[in-house]
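Notes for the one structure printed next.
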Amino acid sequence: MCQSRTLDKQGKCSRFLFPLLHIRTESDGLKPGMTLVHRVHYERTFKTAQCKGSHPHCQASQKRQHTGESQQQGDEEETASKADIDTRSLEGEKLSQYGTLKAAVSNFPFNLLHLNLQAPAQVPWVLVSSPRMLRAALCTVFLLGALPSLAKESRGHVSVVLLGATGDLAKKYLWEGLFHLYLDQVSSGHSFTFHGAALTAHEPGQRLMFEVLKNLVCPSDVSPDRCAVVKDQFLKLSRYHQLKTSENYTALNQEIETLLQQEGLEEAGRIFYFSVPPFAYAEIARHINGSCRPRPGAWLRVVLEKPFGHDLKSAQQLAVELRTFFWEEEMYRVDHYLGKQAVAHILPFRDQNRRFLDPIWNRHHVERVEIVLKETLDAKGRTSFYEQYGVIRDVLQNHLTEVLLYLAMELPANISSAEEVLRHKLQTFKSLQGLESTSAVLGQYQAYAGQVREELQKAQDYVSTTPTFAGVLIQLDNLRWEGVPFLLTSGKALDERVGYVRVLFKNRAYCTQRESLREAGQSQCGPKQIIFYIGHGELSCPAVLISRNLFKPIMPEGSWKEVVDRPQLRLFGLPLSDYYVYSPVKEREAYSVLISSIFHGRKDSFITTENLLASWEFWTPLLDSLTQQVPRLYPGGLENQHLLDFEMVGRELSFTLEEPVELLHPDGQMPSDYRTIQAKFRQSPLVSAWPEELIAQLATDIETAAAKAVTRCGEFHLALSGGSSPITLFQQLATHHYGFPWRHTHLWLVDERCVPLADPESNFRSLHDHLLQHVRVPYLNIHPMPVHLNRRLCVEEDRGPELYAKEIAELVTNASLDFVLLGLGSDGHTASLFPHSSSGLDGAQTVVLTESPVKPHQRMSLSLPLINKARQVAVLVMGKGKHEITTQISRVGQEPRKWPISGVNPSSGQLVWYMDYDALLG
Numbered sequence: 001m002c003q004s005r006t007l008d009k010q011g012k013c014s015r016f017l018f019p020l021l022h023i024r025t026e027s028d029g030l031k032p033g034m035t036l037v038h039r040v041h042y043e044r045t046f047k048t049a050q051c052k053g054s055h056p057h058c059q060a061s062q063k064r065q066h067t068g069e070s071q072q073q074g075d076e077e078e079t080a081s082k083a084d085i086d087t088r089s090l091e092g093e094k095l096s097q098y099g100t101l102k103a104a105v106s107n108f109p110f111n112l113l114h115l116n117l118q119a120p121a122q123v124p125w126v127l128v129s130s131p132r133m134l135r136a137a138l139c140t141v142f143l144l145g146a147l148p149s150l151a152k153e154s155r156g157h158v159s160v161v162l163l164g165a166t167g168d169l170a171k172k173y174l175w176e177g178l179f180h181l182y183l184d185q186v187s188s189g190h191s192f193t194f195h196g197a198a199l200t201a202h203e204p205g206q207r208l209m210f211e212v213l214k215n216l217v218c219p220s221d222v223s224p225d226r227c228a229v230v231k232d233q234f235l236k237l238s239r240y241h242q243l244k245t246s247e248n249y250t251a252l253n254q255e256i257e258t259l260l261q262q263e264g265l266e267e268a269g270r271i272f273y274f275s276v277p278p279f280a281y282a283e284i285a286r287h288i289n290g291s292c293r294p295r296p297g298a299w300l301r302v303v304l305e306k307p308f309g310h311d312l313k314s315a316q317q318l319a320v321e322l323r324t325f326f327w328e329e330e331m332y333r334v335d336h337y338l339g340k341q342a343v344a345h346i347l348p349f350r351d352q353n354r355r356f357l358d359p360i361w362n363r364h365h366v367e368r369v370e371i372v373l374k375e376t377l378d379a380k381g382r383t384s385f386y387e388q389y390g391v392i393r394d395v396l397q398n399h400l401t402e403v404l405l406y407l408a409m410e411l412p413a414n415i416s417s418a419e420e421v422l423r424h425k426l427q428t429f430k431s432l433q434g435l436e437s438t439s440a441v442l443g444q445y446q447a448y449a450g451q452v453r454e455e456l457q458k459a460q461d462y463v464s465t466t467p468t469f470a471g472v473l474i475q476l477d478n479l480r481w482e483g484v485p486f487l488l489t490s491g492k493a494l495d496e497r498v499g500y501v502r503v504l505f506k507n508r509a510y511c512t513q514r515e516s517l518r519e520a521g522q523s524q525c526g527p528k529q530i531i532f533y534i535g536h537g538e539l540s541c542p543a544v545l546i547s548r549n550l551f552k553p554i555m556p557e558g559s560w561k562e563v564v565d566r567p568q569l570r571l572f573g574l575p576l577s578d579y580y581v582y583s584p585v586k587e588r589e590a591y592s593v594l595i596s597s598i599f600h601g602r603k604d605s606f607i608t609t610e611n612l613l614a615s616w617e618f619w620t621p622l623l624d625s626l627t628q629q630v631p632r633l634y635p636g637g638l639e640n641q642h643l644l645d646f647e648m649v650g651r652e653l654s655f656t657l658e659e660p661v662e663l664l665h666p667d668g669q670m671p672s673d674y675r676t677i678q679a680k681f682r683q684s685p686l687v688s689a690w691p692e693e694l695i696a697q698l699a700t701d702i703e704t705a706a707a708k709a710v711t712r713c714g715e716f717h718l719a720l721s722g723g724s725s726p727i728t729l730f731q732q733l734a735t736h737h738y739g740f741p742w743r744h745t746h747l748w749l750v751d752e753r754c755v756p757l758a759d760p761e762s763n764f765r766s767l768h769d770h771l772l773q774h775v776r777v778p779y780l781n782i783h784p785m786p787v788h789l790n791r792r793l794c795v796e797e798d799r800g801p802e803l804y805a806k807e808i809a810e811l812v813t814n815a816s817l818d819f820v821l822l823g824l825g826s827d828g829h830t831a832s833l834f835p836h837s838s839s840g841l842d843g844a845q846t847v848v849l850t851e852s853p854v855k856p857h858q859r860m861s862l863s864l865p866l867i868n869k870a871r872q873v874a875v876l877v878m879g880k881g882k883h884e885i886t887t888q889i890s891r892v893g894q895e896p897r898k899w900p901i902s903g904v905n906p907s908s909g910q911l912v913w914y915m916d917y918d919a920l921l922g
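Here it is, written out as structure tokens:
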């Protein structure tokens, strides 16, 4: 006997097809455990009007009329008529609804309505003492709108499996989103079951899960009565599973298959939501692929939560693992920011307002773009996650980058096409300029290190360099956005919780009328900006704001409404009355939006594998360059004041205020103390400092040497090495030394790889990108090494070294360069002079061809004899990776064949070592 279910026309249980209230019937002659089967018929006139087609229920009815069942039907119709509700008690709209209800009941797709007499104790029962009250109870259910339209055929069954069903994300957002999905789709014709799953054993796991489900709430526009009914049904359709072994997954699949078979349901598809750590993805994916895929013809949708890797390499590895088990179209990577209403409206806003935005959405009119997410909460309780990822991986690499793409991408012809949007996103990634360590400023709230030591049981002297605040400057290399700074900012323990996107336009107007007389909609002197207000903050809700002196936007009337109250509220220095302000007609939580999109198979708000890898490819170099950077400490909250304010200087970011010394090193040694540890290194002067201070000092020393040389003989000859360490020096010289005598400076290269000069591995290319294109050096004063002659690279017959040596001899007095900058390799090499090199370590040659142990093998380099003729030589050594070789070099004598750097010893000039603390002290 079927329990708590309706019977379909084939006599199969259909509890899950149309969710019904459990109704217990008490009447004379019925004992506990017995059932009452009651046929429901519509009035004869309505029946005649409806049963003229090929509907199976009509055919069944017509067939019965010809098989002698008409008398039985008449008796039952009389019984039903006596039990009918007095419709005179229904007035106005209720009467109309009841008429509609009768039509709905008449089209009930099951011939029999089965009422259960028993159910679990926790289910609330409606006590019905007569058929009349039964009909009244059912009518009440219909009038509340709790049941779907019964005229609809089933559109298939959907099984939703939430893995990590008792975790924080599930508790806060996912169960709520699934409940809202059910609330929206209860009338769609789909049937559902919801399977919560975790590693916890069945009883405690079930208890935890249902504690969450009992606290679910409906949107404000849903009536309390309807909410209570649908919530009750949602709980009945939800169950808990322990998914730990392959047998557990097989059992889950068997349960779903059994349900489909018993209920006679077609399977529409299955959703598996991975609310679990990424390290568990591969194993779960293997189980799903092996034993939990849906029937042929049904879809599978696998939902993945960030983080999607830690860097490019780990993201690639995870992508390969997942592709082993799932097709790309089956995977939905969630970035919940794309479900936030203000963010989701960026592309539609640009599309609907093309005629206003096309002329001004470019570098000629936009001053800068700010993408900001600030939080007041700290990382307490999440330090295990935060120590691995930090704020850049947690927020900037995903949420804020996606927002940037929506703003900067060329607008697709069809913004609803996921393929077109993805293609334009990938094009935008290609135009993003690479990030350097100077592209970012980092901070860490003071209490963070203590929280890490406590939660992760670290030693008391443990020091964390994980940033909890970051500001990053991004620029694009395309005609639309060249030179426009995009500032991405996020952090914890800040002064307010707010998220917004602010496009600030240039203002070239000058207004003679005083400010108090200007009208916001007419005066061109006020700030011009478009703001996508993501939430919280002063407005406390999503919104789109457009300065009145820009244009009145086109907004979709059904989903966005204009806000006219709170005119005196000030936002970004202006009263709200200076903006056109629009907010959603109905606010929706981001996860509810995204879960609905998953159910409907819309992929435009999710991250594809290609999109993900492009993002990691862009961010990983910056993350690698920041591994040794010490973040600025800040107290947190309102006490931060201006400590985290930063400014743009060229392509660099820097804090506007000097860091308070006592805040940085309250208990440890100061940089000035380190300077006194060792004033000499290998009998030569040593400058040691934190990286930023070290580069600043070296740049200042080079400028001082340049000024002296120009005063002395009218020109300055500077030879620079390649590699990664000098890049920050080049940027420092380009953006902080405006008094540098570039017009009188000749630039030479210490060494060069044998690749074309435009090749990314070329030292000259690096010099060009980070220095030459930002300063005014006369063209004839730039001297790249001649590695590419006669359409070939570093061929001895082309005599490239001789040509460069001749050029130096002709332009540099006594071939004595004024300043030579060298680096130090981990094997002791300098310039491109390697251990046991056959040339360049001695002899008369001043420029030589050498062989590197790493690709590209062929190099051209100044020789040690030429380097030692220089007036001043600087050796720049940075990073923990250089600590070991630094220690070794400090102990050896002059052995250039084994340690080429040890042969640097200017005959009449000065050698100065510039080392950061990591290289010097480890």
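Going by full-length UniProt numbering, the sequence shown opens with residue 1, and the numbers climb by one from there. No residue lacks a Cβ here, since even glycine has one placed at the ideal position from N, Cα and C. Note that this is a predicted model, so its numbers are computed, not measured.
- Using a Cβ distance threshold of 8 Å, F272 and V161 count as a contacting pair.
- Looking at the backbone, the Cα of L849 and that of E647 are separated by about 44 Å.
- DSSP lists no beta-bridge partner residue for S431.
- Comparing alpha-carbon positions, the option among L312, L574, V302 and H310 lying closest to W327 turns out to be V302.
- Distance from S540 to K528 at the Cβ level is roughly 25 Å; contact not present, criterion being Cβ atoms closer than 8 Å.
- Less than 8 Å divides the Cβ of A379 from the Cβ of Q451.
- By the neighbour-count criterion, in which a residue is buried when 16 or more other Cβ atoms sit within 10 angstroms of its Cβ, K882 is buried.
- Non-local C-beta neighbours of V904 in its own chain, meaning closer than 8 Å and more than five positions away in sequence, comprise L822, T830, L864, I867, N868, V873, V875 and L911, ordered along the chain.
- Annotation for P726: the continuous alpha helix (DSSP H) segment containing it runs S725 to H736.
- Taking every protein chain shown into account, the CB of G558 has fewer than 16 other CB atoms within 10 angstroms, so this residue is exposed.
- Minimum Cα-Cα distance from P900 among the listed residues I474, L824, G381 and R859 corresponds to L824.
- Per DSSP, A874 is one residue of the beta strand (DSSP E) stretching across Q872 to V877.
- Taking a C-beta distance under 8 Å as the contact criterion, L237 and F179 do not qualify as a contact pair.
- Counting of Cβ neighbours within 10 angstroms places K172 among the exposed residues, the total staying below 16.
- Apart from sequence neighbours up to five positions away, the residues of its chain that approach L771 with a beta-carbon distance below 7 Å are F730, L733 and A734, ordered along the chain.
- By the Cβ criterion, the stretch 307-324 is not in contact with the stretch 400-407, since fewer than three pairs of Cβ atoms, one from each stretch, lie closer than 8 Å.
- Going by DSSP, F606 is part of no beta strand (DSSP E) at all; its letter is neither H nor E.
- Residue state for V593 is assigned as helix, using DSSP reduced to three classes.
- Within the same chain, and ignoring the five residues on either side of G573 in sequence, the residues whose Cβ sits closer than 8 Å to its Cβ are P527.
- Two segments are said to touch when three or more pairs of C-beta atoms, one from each, lie closer than 8 Å; by this definition the stretch 778-787 touches the stretch 755-770.
- Under the 8 Å Cβ criterion, the stretch 613-625 counts as touching the stretch 379-395, having at least three qualifying pairs.
- Between Y182 and F234, the CB-CB gap stays under 8 Å.
- In the three-state reduction of the DSSP assignment, P485 falls in the coil class.
- Rounded to the nearest whole angstrom, the CA to CA distance from P906 to S832 is 18 Å.
- Listed in chain order, the non-local C-beta contacts of A719 below 6 Å within the same chain comprise W748, V750, L817 and V820, local neighbours out to five positions each way being set aside.
- Under the DSSP definition of a beta bridge, H241 partners with A197.
- Rounded to whole angstroms, the gap between the alpha carbons of L569 and T376 is 22 Å.
- In the structure shown, H180 adopts helical secondary structure according to DSSP, grouped into three states.
- DSSP places V564 in no beta strand (DSSP E); its state is neither H nor E.
- In this structure, I595 is the residue among Q641, I595, L694 and H774 with its C-alpha nearest to the C-alpha of R333.
- Annotation note: the stretch 297-332 contains the following uninterrupted beta strand (DSSP E) runs of length 3 or greater, listed N- to C-terminal: 299-305.
- Rounded to the nearest whole angstrom, the C-alpha separation of F429 and T813 is 48 Å.
- In this chain, the beta strand (DSSP E) harbouring R753 covers D751 to R753.
- By the Cβ-count criterion, L479 is exposed, with fewer than 16 other Cβ atoms from all chains shown falling within 10 Å of its own Cβ.
- In the structure shown, K231 falls within a helical segment according to DSSP collapsed to helix, strand and coil.
- For S159, the enclosing beta strand (DSSP E) covers residues H157 to L163.
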